[in-house]
Amino acid sequence: MTASPHAPAHLAQLNVSTLLHPLDDPRLAPFVEQLDPVNAAADGTPGFVWRLVGDGAADATALRPAGEDVIVNLSVWETQEALWDFAYRSGHLEVMRRRREWFARHVESHLVLWWVPAGHVPSVTEALERLADLRANGPSPRAFTFASSYSATEAAEHVERAEHVEHAEHGEHGEHAEAASVGESPAR
């Protein structure tokens, strides 16, 4: 997110789930039967913006960018509250309660949240990079969870600070940055 701290932002989310069985296995039939109703509920939820779907498909279950046995859910919401309400205060919660029947337990983070400029549609690559960042570095304004969340303003300020440091490290501020990089005082 490179917008100012006051630019409109939306919340992107990615979650990954490792299947215990192939999607066409009868043991996953109760999960598969819930896909259309849950996705329709998400689409109709106040604050919903966008979700990833495969070409010509109603969902993203055929896409396997994180592994052959891993399904992904990538979506964008107007606010963190809108996503929370859908995930934990709707029929989606009943499906989540049964997840151990269908998915392996994760030892690493399987959900990541991050702020994007309103109108931005995150790519799967971007989403997987955010998940990798969370797994490697823990929660930050760049990649976080519900339990360790950051506001859009905090995320934008974090990006601005990081960009300022990056510019200084790459000498984009003239001889001051160059002198600082070698530990000397700039020439006056």
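Numbers given in our numbering equal positions in the sequence shown, counted from 1, plus 98.
We treat Cβ as the ideally placed atom computed from N, Cα and C, and that holds for glycine.
Just to confirm, is the Cβ distance from residue i to residue j under 9 Å?
| i | j | result |
| --- | --- | --- |
| LEU112 | ALA225 | yes |
| LEU172 | VAL222 | yes |
| VAL114 | LEU229 | yes |
| PHE184 | ALA216 | no |
| VAL174 | LEU121 | no |
| PHE201 | LEU150 | no |
| VAL170 | ALA155 | no |
| LEU164 | GLY152 | Per the sequence presented here, residue 164 reads as Ala, with Leu not at that position. No, Cβ-Cβ distance for ALA164 and GLY152 is not below 9 Å. |
| SER188 | THR243 | no |
| HIS306 | ARG240 | This structure cannot speak to residue 306, because the chain is shown only from 99 to 286. |
| ARG259 | GLU199 | no |
Among the options, which one has its Cα closest to the Cα of residue i?
| i | options | result |
| --- | --- | --- |
| LEU181 | VAL210, ASP153, ALA253, GLU252 | VAL210 |
| MET343 | LEU161, LEU133, HIS108 | Look at the range of the chain in this structure, 99 to 286, and you will see that residue 343 is not part of it. |
| PRO106 | GLU267, GLU252, ARG259 | GLU252 |
| GLU166 | ALA138, THR116, TRP212 | THR116 |
| ASN137 | GLN178, SER249, GLU258, LEU191 | LEU191 |
| ARG197 | PRO128, VAL214, ARG259 | PRO128 |
| SER247 | TRP213, GLU227, VAL168 | TRP213 |
| VAL147 | VAL168, PRO220, ARG203 | PRO220 |
| GLY288 | ALA266, GLU179, ALA260, ALA234 | The structure shown does not extend to residue 288, since the chain is modelled only from 99 to 286, so the question has no answer here. |
| TYR186 | THR143, PRO237, VAL168, GLU227 | THR143 |
The alpha helix (DSSP H) spanning residue i covers which residue range?
| i | result |
| --- | --- |
| LEU118 | Per DSSP, LEU118 belongs to no alpha helix (DSSP H) and is neither H nor E. |
| VAL130 | 127-141 |
| LEU226 | 222-235 |
| VAL193 | 190-195 |
| LEU181 | 178-186 |
From what residue to what residue does the beta strand (DSSP E) around residue i run?
| i | result |
| --- | --- |
| ARG149 | 146-149 |
| VAL174 | 168-175 |
Return the bridge partner residues of residue i from the DSSP annotation.
| i | result |
| --- | --- |
| SER238 | ALA241 |
| PRO215 | ALA107 |
| VAL210 | LEU112 |
Against chain D, does residue i count as a neighbour if the rule is that its beta carbon must be under 9 Å from one of theirs?
| i | result |
| --- | --- |
| THR159 | Reference to chain D is not applicable here, since this structure consists of a single protein chain. |
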